[in-house]
Amino acid sequence: MGTVRLLRLGLATLAVLALIGGSAGCNKKTAAGGSDVLQLYVSPSWSDYGISTLAYLGERNTSGEANALNLASRVIGGEIRNQDKYIVLGDKVVADRAQAAGKTELLDHLRAIWRSDRVVDKFQAGELCEALGVDALLVAEVSDWTQYTIEPTSEGTSWSRAGIALYIYSPKGEPGPLVWGANRVLREDSLPYRPSGGAAQLAGSETSNANRQRESRRDNTLETVPPPPPIENVARAVLGEVLAALPPRN
Numbered sequence: 112m113g114t115v116r117l118l119r120l121g122l123a124t125l126a127v128l129a130l131i132g133g134s135a136g137c138n139k140k141t142a143a144g145g146s147d148v149l150q151l152y153v154s155p156s157w158s159d160y161g162i163s164t165l166a167y168l169g170e171r172n173t174s175g176e177a178n179a180l181n182l183a184s185r186v187i188g189g190e191i192r193n194q195d196k197y198i199v200l201g202d203k204v205v206a207d208r209a210q211a212a213g214k215t216e217l218l219d220h221l222r223a224i225w226r227s228d229r230v231v232d233k234f235q236a237g238e239l240c241e242a243l244g245v246d247a248l249l250v251a252e253v254s255d256w257t258q259y260t261i262e263p264t265s266e267g268t269s270w271s272r273a274g275i276a277l278y279i280y281s282p283k284g285e286p287g288p289l290v291w292g293a294n295r296v297l298r299e300d301s302l303p304y305r306p307s308g309g310a311a312q313l314a315g316s317e318t319s320n321a322n323r324q325r326e327s328r329r330d331n332t333l334e335t336v337p338p339p340p341p342i343e344n345v346a347r348a349v350l351g352e353v354l355a356a357l358p359p360r361n
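Okay, so the sequence shown: first residue is 112 according to the working numbering, each after it adds one.
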């Protein structure tokens with residue numbers, strides 16, 4: 112193997128480690144953190160793999176929120192179905208084809224290992240892809256699923272933050288099966304909140320109350336505690352950027 116080939120493989124490995132490491136660390140962001148940038152990995156040999164059909168194997172949850180997948184899985188599945196770059200087999204079609212080919216146990220094994228260890232075995236991926244009639248496997252990771260409501264005595268915003276990654280694994284991939292991945296964390300805030308100053312101020316005259324409301328409208332602040340933005344909308348915005356980063360279909 113020549114020096115140029117070794118260099119390409121080394122750079123690709125570093126890019127994969129950076130992408131996966133960034134995804135794993137997303138749930139460590141603090142409440143004061145803002146939006147992350149899109150992290151992207153594309154295999155240098157992507158165009159050689161001829162990928163046009165994918166089988167979706169589901170999500171892995173590393174957000175620290177036990178119930179994150181209850182809503183996230185529906186949002187992710189819906190956005191994947193709505194994209195038009197690739198043909199993606201959903202859960203039911205994948206399960207039916209695996210059963211027809213006698214590969215249900217293999218499908219369950221690959222899903223379980225992905226969810227527990229973030230690993231997809233190259234040879235097992237090839238066996239499943241052949242059974243399902245697809246070129247590669249698509250999986251997702253929910254790395255952040257957080258909502259925060261501002262304290263009534265504090266000044267600031269309520270917010271929602273979602274972190275989602277998608278990965279494509281191909282049995283043709285070199286040096287490993289991961290051939291594409293994108294990870295994005297996004298936080299969206301409510302309008303700013305400013306405490307009114309307590310019960311004494313709230314019991315003031317109608318005139319002072321009207322003045323406060325006019326002032327609030329002028330500087331776009333609220334006097335009642337705002338709820339965090341709907342987190343499913345934040346997740347859709349994240350997936351919009353991640354799916355837009357998919358390379359054109361071969």
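Backbone N, C-alpha and C fix where the C-beta goes; we use that ideal spot for every residue, glycine too.
All of these numbers come straight from a predicted model, not from anything done at the bench.
Residue i, DSSP secondary structure in three states
i	result
residue 183	helix
residue 268	coil
residue 237	helix
residue 261	coil
residue 276	strand
residue 216	helix
residue 245	coil
residue 228	helix
residue 287	coil
residue 302	coil
residue 357	coil
residue 343	helix
residue 334	coil
Cβ neighbour criterion (16 or more within 10 Å) applied to residue i
i	result
residue 339	buried
residue 275	buried
residue 150	buried
residue 335	exposed
residue 162	buried
residue 170	buried
residue 219	exposed
residue 227	exposed
residue 341	exposed
residue 284	buried
residue 177	exposed
residue 207	exposed
residue 72	The displayed coordinates of the chain run from 112 to 361. Any statement about residue 72 would go beyond what the structure contains.
Cβ pair residue i, residue j closer than 8 Å
i	j	result
residue 223	residue 288	no
residue 295	residue 195	no
residue 264	residue 303	no
residue 229	residue 345	no
residue 412	residue 297	Outside the displayed range of the chain (112 to 361) lies residue 412, so it cannot be described from this structure.
residue 350	residue 187	yes
residue 209	residue 249	no
residue 160	residue 281	yes
residue 354	residue 190	yes
residue 203	residue 239	no
residue 291	residue 153	yes
residue 268	residue 301	yes
residue 221	residue 165	no
Contact belief for residue i with residue j at Cβ below 8 Å, rounded distance in angstroms
i	j	result
residue 256	residue 174	4 Å
residue 172	residue 180	5 Å
CB contact check: residue i to chain B, cutoff 8 Å
i	result
residue 296	Of the chains in the structure shown, none is chain B; there is only one protein chain.
Subject >> Every unbroken beta strand (DSSP E) inside the stretch 149 to 213 [3 residues or more] >> reply: List check, beta strand (DSSP E) in window: 150 to 153, 164 to 172, 198 to 200.
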